[in-house]
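Report on the structure given below.
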Amino acid sequence: MSLSKDNIWKLLAPLVVMGVMLLIPVPDGMPPQAWHYFAVFVAMIVGMILEPIPATAISFIAVTICVIGSNYLLFDASELADPAFKASKQALKWGLAGFSSTTVWLVFGAFIFALGYEVTGLGAALRCFW
12 MSLSKDNIWK LLAPLVVMGV MLLIPVPDGM PPQAWHYFAV FVAMIVGMIL EPIPATAISF
72 IAVTICVIGS NYLLFDASEL ADPAFKASKQ ALKWGLAGFS STTVWLVFGA FIFALGYEVT
132 GLGAALRCFW
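Each residue of the sequence shown is one higher than the one before, counting from 12 in this note's numbering.
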């Protein structure tokens, strides 16, 4: 990746969008952590549209931001005030929850098989037999 003006702009745009959204006052009736989470979500969408880096990397960065900033993004004050509540443990559990789904691994496996067929040329070789 070359760092041209266009690429630098594409890298900074999601951060600027998130920063601007965090500066906007929280709408009435909405918990502050929901608004902050929404700002990260919108920044992720902007990053995926502009694609300065691969979309999977953008997704992992967004999840990492949510896990690291969980006190401001995921949990409200009543949860954080409870002495029995372990915010770091719950944040990590939230961040890794998507990987425990069998559907996610099924789709991942299908993509890996498809990539293997494409890279090795096995699909073209099998096509000759039919």
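Glycine included, each C-beta is placed from N, C-alpha and C at the ideal position. The model shown is predicted, which means the values in this text are computed figures rather than measured ones.
Taking its Cβ as the centre, do 16 or more other Cβ atoms sit within 10 Å of residue i, making it buried, or is it exposed?
{"i": "V155", "result": "Outside the shown range of the chain, which is 12 to 141, sits residue 155, and nothing can be said about it."}
{"i": "A95", "result": "exposed"}
{"i": "C139", "result": "exposed"}
{"i": "I69", "result": "buried"}
{"i": "S81", "result": "buried"}
{"i": "A125", "result": "exposed"}
At a Cβ threshold of 8 Å, is residue i touching chain D?
{"i": "F96", "result": "The chain labelled as chain D is not found in the depicted structure, where only one protein chain is given."}
Using a Cβ-Cβ cutoff of less than 7 Å, which residues in the same chain neighbour residue i once the five nearest sequence positions on both sides are dropped?
{"i": "V28", "result": "V53, A54 and V57"}
{"i": "I76", "result": "V51"}
{"i": "A66", "result": "M59"}
{"i": "G134", "result": "Y128"}
Nearest to residue i by CA position, among the options, is which residue?
{"i": "A73", "options": "A125, N18, W105 and F124", "result": "W105"}
{"i": "K21", "options": "M59, F122, T131 and T75", "result": "M59"}
{"i": "F49", "options": "P65, V31, A66 and P63", "result": "V31"}
Just confirm the distance between the C-beta atoms of residue i and residue j, as a whole number of angstroms; I'd bet it's less than 8 Å.
{"i": "L61", "j": "A24", "result": "6 Å"}
{"i": "L91", "j": "A98", "result": "6 Å"}
{"i": "P42", "j": "D87", "result": "6 Å"}
Which same chain residues, not among the five before or five after residue i, have their C-beta less than 6 Å away from its C-beta?
{"i": "S112", "result": "none"}
{"i": "V37", "result": "P43 and W46"}
At which residue ranges does the segment 56 to 94 contain complete alpha helix (DSSP H) runs of 4 or more residues, listed in the order of the chain? 66 to 79, 81 to 84 and 88 to 92
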